[in-house]
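Heads up: the sequence shown begins at 0 in numbering that gives the first Met the number 0, then just goes up one per residue.
Structure first, then comments.
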Amino acid sequence: MRKYESACQARLILPPSKKQIVPTPIQRGLNVEAWTPTGSIEWHLATVWSFELGHLVLEAAAKLYPVQEVTLRQACRVIAKREKPG
0 MRKYESACQA
10 RLILPPSKKQ
20 IVPTPIQRGL
30 NVEAWTPTGS
40 IEWHLATVWS
50 FELGHLVLEA
60 AAKLYPVQEV
70 TLRQACRVIA
80 KREKPG
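Here you go:
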């Protein structure tokens, strides 16, 4: 045995995850954006490649920007949005 070689042969084998997360393959990214009251994009907050992650980022952005409309878009298609508070 070498001077600094470990003699331990232990392995850690974790059980498989019970929740299967299947990635959603998409060709164009999903953009999360905050809008001005006049209807133009004020902040491009994120680009993600999964619908599940896009909805989570949209919820987080809605909390960070409480007075603005926030959208989740793919190109010109709005997938989800939080309307600006009345």
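Using N, Cα and C, we set each Cβ at its ideal position, and we do this for glycine too.
Note that this is a predicted model, so its numbers are computed, not measured.
Here K83 has W34, P36, V66, Q67 and E68 as same chain residues with Cβ atoms under 8 Å from its own Cβ, once five neighbours each way along the sequence are excluded.
By the neighbour-count definition (other C-beta atoms within 10 Å, threshold 16), E51 is an exposed residue. Per DSSP, A74 is not a residue of any alpha helix (DSSP H), being assigned neither H nor E.
Around the beta carbon of V77, a 10 Å sphere encloses fewer than 16 other beta carbons of the protein chains shown; the residue is thus reported as exposed. Counting along the chain, L63 sits inside no beta strand (DSSP E); it lies in the alpha helix (DSSP H) bounded by residues F50 to L63. Scanning its chain for C-beta atoms nearer than 7 Å, with the 5 sequence neighbours on each side dropped, one finds around R27 the residues Q73 and A74, in chain order.
Per the DSSP secondary-structure output, T46 pairs in a beta bridge with N30.
Counting other Cβ atoms within 10 Å of its Cβ, L57 reaches 16 or more and is therefore classed as buried.
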